[in-house]
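What follows is a short report on a single structure.
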Ligand code: DGY
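Residue numbers (the working numbering): 242 to 689.
This is the structure in structure tokens:
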């Protein structure tokens, strides 16, 4: 099978991106997510890189135009023309109190996984006009570096080389079971919460596929805390009851560190400081976040000072970042290739479910509590391939193609019945489908 076999689906994928493109950036989906999202734009740009270089660059430029003065790249850059259909929007975030938002920009007050150096490298590698693309790298390098520096400066209080997230939305995997314990330990007095109205439940996605009201109360509690502290990083570090060293976030960061070093080499910049940080992150991930008993990586709750032993697809991402030792990689493979995460040839399921399917709280329809997400498959496919687990890599990749072929460009998919859930015409599903088919014809080099 090659590009031609998938041509009509590629055409549909491109049409979806076109529909969600608003002239400066791409909405993740037309109604449910009507602004620009941080890591979504990264994955979307990967899709563009194989057929519309300028657009791929524009997507990233627009996102980084919203970069804060302290280097943070916000989770959402709001589109002034699309306000009114999402919660929380600028009036709730009140990020102007921070003094850190650029003139004329409207953004949320938290960040998201820093996939962008990896994406910029991919854009460069795909470019036909290398000279022009080098200018793009030159423009982006200082911005990317400031983002990474922000994370290490303000999110790694003990200088372990592991950064923390301060809100589940910062992970991108909003209601992953990983957050259950840390969120439950936050005592919320509902009468003291600012009034708010969820908008996500009126967009045609059934309630059972979305986070609960209890979760939203905690999401809101944290946003309210941050805005009361005027988004002061030092004050938030002292007061936030949610500080988690997330394996997904740190894996994506360290993959991006390595790609930032690659970019620095191309444009002749010195990256020795990033190299030092990257090595420290690798060592700490291997030591502190490795769950030897289960053979998977886990998150660490810095606030409550304990390991969060919850097994989700995030725990395999050190394959994607190249940070698992060979011994750890073998254990990861064994666990990933088990009934817990839908083994190859099992027949009744697709891979990779976002949560251990054998767990009593596995939920095959709910957002990040069970379903398959195309961006996770995409990262794991690349990770497995780079460690030489070729057959499994191919099977994870084939499931990307099959899920889309059978059920359309959905936000997430049921690992058992193979139904699609969440929103329709989801941009990163379209973009990463395009990339996956492109890779079949023009495979990248094995990176390790
Ligand atoms: C949402 O609104 O569900 C988003 O994922 C938050 O970023």
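Here a beta-carbon is modelled for each residue, glycine too, at the ideal position from N, C-alpha and C.
The structure presented is a predicted model; accordingly, all values stated were derived computationally and were not measured.
Asked, Found
"Report the CB separation of residue 375 from residue 508 in whole angstroms; it is logged as a contact under 8 Å.", "6 Å"
"Among 524, 397, 501, which has the Cα closest to the Cα of residue 514?", "501"
"Could you spell out where the alpha helix (DSSP H) holding residue 279 opens and where it closes?", "279-290"
"Between residue 273 and chain C, is there a C-beta pair that is closer than 8 Å?", "Considering every chain present, this structure includes no chain C. It has just one protein chain."
"Going by DSSP, name the residue or residues bridged to residue 318.", "277, 348"
"May I ask you to check if the CB of residue 308 is nearer than 7 Å to at least one heavy atom of the ligand DGY?", "no"
"Mind checking residue 687: buried by the 16 CB within 10 Å criterion, or exposed?", "Here the model assigns residue 687 a pLDDT of 43, short of 50, so the residue's position is not dependable, and the following value carries that caveat. That one is exposed."
"Quick check on residue 633: buried or exposed, where buried means 16 or more other Cβ atoms within 10 Å of its Cβ?", "buried"
"Of the choices 674, 682, 683, whose alpha-carbon is the least far from that of residue 257?", "674"
"Going by DSSP, what residue range makes up the alpha helix (DSSP H) through residue 449?", "Here residue 449 belongs to no alpha helix (DSSP H), and DSSP marks it neither H nor E."
"Which residues bound the alpha helix (DSSP H) around residue 491?", "488-508"
"Bridge partners of residue 262, per DSSP?", "267"
"Using the C-alpha atoms, what's the distance from residue 562 back to residue 670?", "21 Å"
"Would you mind stating whether residue 637 and residue 593 have Cβ atoms separated by less than 8 Å?", "yes"
"Per DSSP, which one or two residues make a beta bridge with residue 485?", "406, 542"
"For the candidate residues 682, 667, 683, whose alpha-carbon lies nearest to that of residue 281?", "667"
"What residue from 565, 601, 484, 570 has the CA that sits closest to residue 548's CA?", "484"
"Roughly how many angstroms separate the alpha carbons of residue 301 and residue 289, rounded to a whole number?", "11 Å"
"Does DSSP put residue 594 in a helix, a strand or coil?", "strand"
"Using C-beta distances below 6 Å, list every residue in its chain close to residue 272, excluding the 5 sequence neighbours before and after it, in chain order.", "444"
"Going by DSSP, which residues form a beta bridge with residue 553?", "596"
"Buried or exposed for residue 689, please, with buried defined as at least 16 other CB atoms from any protein chain shown within 10 angstroms of its CB.", "Model confidence at residue 689 stands at a pLDDT of 38, short of 50, so the residue's coordinates are unreliable and nothing is read from them."
"Going straight from the alpha carbon of residue 567 to that of residue 410, what length do you get?", "32 Å"
"So what does DSSP say about residue 338, is it helix, strand or coil?", "helix"
"Beta-carbon within less than 6 Å of residue 346's beta-carbon, same chain only, minus the 5 sequence neighbours each way: which residues are those?", "307"
"Rounded to a whole number of angstroms, what is the C-alpha to C-alpha distance between residue 343 and residue 351?", "15 Å"
"Do residue 648 and residue 663 have their beta-carbon atoms positioned less than 8 Å apart in this structure?", "no"
"Would you report the Cα separation of residue 512 and residue 506, rounded to the nearest angstrom?", "8 Å"
"According to DSSP, residue 427 sits in a beta bridge with which residue or residues?", "BP columns for residue 427 are empty, so no partner."
"Provide the residue(s) that pair with residue 515 in DSSP beta bridges, ordered along the chain.", "The partner list for residue 515 (beta bridge, DSSP) is empty, contrary to what the question assumes."
"Using only the alpha-carbon positions, how far apart do residue 310 and residue 285 sit?", "25 Å"
"What is the residue span of the alpha helix (DSSP H) that residue 583 lies within?", "Residue 583 -> no alpha helix (DSSP H), and no H or E assigned at all."
"With H, G and I counted as helix, E and B as strand and the rest as coil, what does DSSP make of residue 472?", "coil"
"Span of the alpha helix (DSSP H) holding residue 637?", "631-648"
"Considering Cα atoms alone, identify which of 312, 461, 466 is closest to residue 390.", "312"
"On the CB-based measure, 16 or more other CB atoms within 10 Å of its CB, does residue 359 come out buried or exposed?", "buried"
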